[in-house]
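Right, one structure below, let's go through it.
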Amino acid sequence: MVELQGITVIYNKGMSNEQKALSEVFLFVHDGEFVTIIGPNGAGKSTLLKVILGEVNPLRGKYLIDGRMMNGKPPHYLARFIGRVYQDPNTGIFPSLSIKENLLIASRKGIRSVGFSRLKKRGLDLLKGLGLGLEKRLDVLAGELSGGQKQSLAMIMAVFSGPSLLLLDEHTAALDPRSAKNVMDLTKRINAEQGITVIMITHNMEFAGMYGTRLVEFHEGSLIKSDNRKTHSTKDSKGLRISLSSN
Amino acid sequence: MLAIVEQGLILCLLAIGVYIAFRVVHLPDLTVDGSFALGAAIAVRSIVSGATPVLAISLAAAGGAAAGFITSIIHRKLKVNVLLAGILVMTMVYSVNLRIMGGPNLPVPRVFGQQEVVSYERMSGGTMLDDLFADQGLIEEETPPPIRERTVVAFFTNRLDGSDLAKISIVVISAVIILGAFLKTDLGTSLRAFGCNPSGVTAFGMSQTFLAIIGLLTANLMVGLSGGLFALYSGFADVSLGQGMVVTGLASVILGEIIFGKVKFLYGLLAPVAGGVLYQALLSTAMRYGYRIGFLASDMKLLTALFVISVIGVRQLASSPRKQRFKAEVKKLWLNSRGSQ
Ligand SMILES: Nc1ncnc2c1ncn2[C@@H]1O[C@H](COP(=O)(O)OP(=O)(O)O)[C@@H](O)[C@H]1O
Ligand SMILES: [Mg+2]
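Residue numbers (the numbering used here), protein chains in the order written: chain F, 166 to 412; chain A, -13 to 327.
Structure below.
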């Protein structure tokens, strides 16, 4: 469970360009939830994710995962429990590495030894599960894939090592409608089948209406609405199921 | 000719170092100028103090690695731009080198194994170096008995009989193989990942600082090694030896990429090797015949830098979307000019 208690973030505190990004935000996200966050530009949505990732330290407020204090923990430490995918398809992958090497990097979190690790079966299974045929192109450089393929690869890389939380910041915004839909369905499957908690920011109101177990709205740094909703997720996800789990 | 290849191969190691910094971890590291001279200073000082050549060269590499380590710490921990961090370390190293050498330069004492000297001198009737060392009062060291206890063996014979080439080749080939294998390991893959998407590695639980340290340390280790070998080969270390070495290394890397650009074998490590030798060949050709069109040896740094700038410029033009626009403009102008005629 992720707990944010009274998080306040002010950028450039005490300077002329001081900017309040979040004020007194309380948000509790339970295991397995799929939280969709909406709100206008500058509402503080991305800042919220940065707090969770440890990239921004809140001025006030507590941040806990499973009851443990996470304030002040370095981003590369938090990354062990948290996967993330952003808008730009080149940020979630390593363009000049092959698909296989990308998965190798994603397979184990933390600094590696100088050993030579082999791609685990789970990596291939995840890749096959995308249904894009990438498992046959393991030696192709990730930078040569299309935007939608890159983003799909980024998604499975983000969840490869089994994080408990997946953060998505407008991760379909740079894609064509078809790829966007595919990536959204993949997101849903990851949440439903792997039980990974998802927090997703989107500007796409259609997606916001369709996906997620809870809709949260931000405005000018404040959380103004948080609605649980009954989802049609279970049934849909079964219909769409392409196995993402390893066996 | 052989001397060019030998020198070129020594400078390959410099090019490999520059390649690791600029191409693998994508950090434009200017420490290189300092760590090359540092390697040279340490190697010669070690020989003078009686170390074996292998130890001297290892210490030179370690010195370079230390300089790279300090740069990466300044860059990452103090959040100083990597260019400035490199310049700071390069500047510090200049003073350190003067201390190591006890002056602006230091020659390698040439003391061969006893029989070797005899046969060589019988053969050639004395060496040119004898005059040189006689001037500096170093020649006596060769004859009196105590010296045999403090056996200083020259690593390079400078005889162009292939023995130097063999030694240099062994060092370069092992370096390329070891580095190629290293870049394939998990850590090496992470370094390459860091180079193409630095913030991305954080997402996979790796510290950017750690990877930057490993990258610059490895790069400058190669540069220090190159500087050490270079000094032993040319018989002296000089405080200004490192000047412009980043640009020399970069020119070699770029030359190599022009030839081997598409070859991904050993993670592109062949590019700096080929480029390093080719660069030396071009340089010596230019020095030899360039005077006919008015070039001086002292113009070479200018030419090298211009070469780097022009290749980068051409690449920029070729890759930017402006190229298309530029082409379209030219075409339009051309059509217009024809139309108006
Ligand atoms: N690094 C930063 N430095 C200064 N101000 C920032 C920074 N990042 C975001 N802001 C400001 O904080 C506010 C919230 O930004 P952000 O969290 O990116 O909003 P959203 O993602 O909802 O569009 C905006 O006013 C933005 O200008
Ligand atoms: Mg945003």
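No residue lacks a Cβ here, since even glycine has one placed at the ideal position from N, Cα and C.
Identify the residues that DSSP records as bridge partners of residue i: which are they?
i	result
residue 17 of chain A	In the DSSP output, where bridge partners are listed per residue, residue 17 of chain A has none listed.
residue 234 of chain F	F:229
residue 173 of chain F	F:225
residue 224 of chain A	A:91
residue 193 of chain F	F:168
residue 263 of chain F	F:306
Identify whether residue i lies in helix, strand or coil by the three-state DSSP scheme.
i	result
residue 301 of chain A	helix
residue 248 of chain F	strand
residue 199 of chain F	strand
residue 384 of chain F	strand
residue 390 of chain F	strand
residue 205 of chain F	coil
residue 100 of chain A	Residue placement at residue 100 of chain A is poorly supported in this model, since its pLDDT is 42, which falls under 50; the coordinates still yield a value, given next. Residue 100 of chain A falls in the helix class under three-state DSSP.
residue 65 of chain A	coil
residue 184 of chain F	strand
residue 142 of chain A	coil
residue 306 of chain F	strand
residue 311 of chain F	coil
residue 379 of chain F	strand
residue 278 of chain A	helix
residue 239 of chain F	coil
residue 254 of chain F	coil
residue 108 of chain A	Note on residue 108 of chain A: pLDDT 44, under 50, position unreliable in the model; no value is reported.
residue 294 of chain A	helix
residue 220 of chain F	coil
residue 11 of chain A	coil
residue -13 of chain A	coil
residue 37 of chain A	coil
residue 85 of chain A	helix
residue 269 of chain A	helix
residue 50 of chain A	helix
residue 235 of chain A	helix
residue 281 of chain F	coil
residue 249 of chain A	coil
residue 276 of chain F	coil
residue 285 of chain A	helix
residue -7 of chain A	helix
residue 306 of chain A	coil
Taking 8 Å as the CB-CB cut-off, is residue i touching chain A?
i	result
residue 245 of chain F	yes
residue 339 of chain F	no
residue 270 of chain F	yes
residue 285 of chain F	no
residue 254 of chain F	no
residue 233 of chain F	no
residue 311 of chain F	no
residue 266 of chain F	yes
residue 282 of chain F	yes
residue 223 of chain F	no
residue 168 of chain F	no
residue 342 of chain F	no
residue 297 of chain F	no
Examine ligand 1 and report whether any of its heavy atoms sits within less than 7 Å of the Cβ of residue i.
i	result
residue 387 of chain F	no
residue 228 of chain F	no
residue 314 of chain F	no
residue 207 of chain F	yes
residue 204 of chain F	yes
residue 7 of chain A	no
residue 383 of chain F	yes
residue 186 of chain F	yes
residue 236 of chain F	no
residue 177 of chain F	yes
Does at least one heavy atom of ligand 2 sit under 7 Å from the Cβ of residue i?
i	result
residue 15 of chain A	no
residue 185 of chain A	no
residue 253 of chain F	no
residue 211 of chain F	yes
residue 304 of chain F	no
residue 334 of chain F	yes
Does any residue of chain F bring its CB to less than 8 Å from the CB of residue i?
i	result
residue 179 of chain A	yes
residue 183 of chain A	yes
residue 4 of chain A	no
residue 217 of chain A	no
residue 190 of chain A	yes
Identify every run of the beta strand (DSSP E) within the segment 319 to 374 of chain F, keeping only runs that are complete inside it and at least 3 residues long; order them along the chain. 330 to 334 and 362 to 366
What alpha helix (DSSP H) runs, 4 residues minimum, are completely inside the segment 157 to 216 of chain A? 172 to 182 and 184 to 189
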